[in-house]
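Shown next, in structure tokens, is the structure this report addresses.
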Amino acid sequence: MTSPAERPLDAFDPGAKYHIPGNTPYTRYYLARIMQYQFHEALCKKIGFQGPLHECSIYNSKIAGESLRDMLSLGQSVPWQDAFEKITGTRSLSGTSMLNYYMPLKEWLDEQNDGLECGWE
Numbered sequence: 047m048t049s050p051a052e053r054p055l056d057a058f059d060p061g062a063k064y065h066i067p068g069n070t071p072y073t074r075y076y077l078a079r080i081m082q083y084q085f086h087e088a089l090c091k092k093i094g095f096q097g098p099l100h101e102c103s104i105y106n107s108k109i110a111g112e113s114l115r116d117m118l119s120l121g122q123s124v125p126w127q128d129a130f131e132k133i134t135g136t137r138s139l140s141g142t143s144m145l146n147y148y149m150p151l152k153e154w155l156d157e158q159n160d161g162l163e164c165g166w167e
């Protein structure tokens, strides 16, 4: 991909994101995204879903809703790791759930790109 117009050497695109000039920590968003996939995978297991993770929906699931409610009802009474473990069964963050979610796409891309070299000269 290339820029649609000539770019000056002093261009600073990250500054267009509010968090950069506002000095707002971004780690919370990064960690929340990882947790989101772990929650989704754990809740799909709780409702007994079998199949590709991207096809699982917890919409209208009483079991998933009760699990979320039970975790959220803890509030700040316990460390976040305890609340996280209540749904996921682990106290550790992992990117595995995100990889599982996108595995069908990765497999398709691997097949489509077979023999192709991607990159720049």
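Residue numbers (this note's numbering): 47 to 167. Cβ atoms here follow ideal geometry from the backbone N, Cα and C, with glycine treated the same way. Predicted, not measured: the structure shown is a model, and the values here were computed from it.
Asked: Considering only their Cβ atoms, is the gap separating H100 from P150 smaller than 9 Å?; Found: yes
Asked: Under the three-state reduction of DSSP, which class applies to I133: helix, strand or coil?; Found: helix
Asked: Count Cβ pairs between the segment 100-120 and the segment 50-68 that sit closer than 8 Å; are there 3 or more?; Found: no
Asked: How is the alpha helix (DSSP H) around I104 delimited, first residue to last?; Found: Here I104 belongs to no alpha helix (DSSP H), and DSSP marks it neither H nor E.
Asked: Measuring straight from C-alpha to C-alpha, what distance separates D128 and S143?; Found: 19 Å
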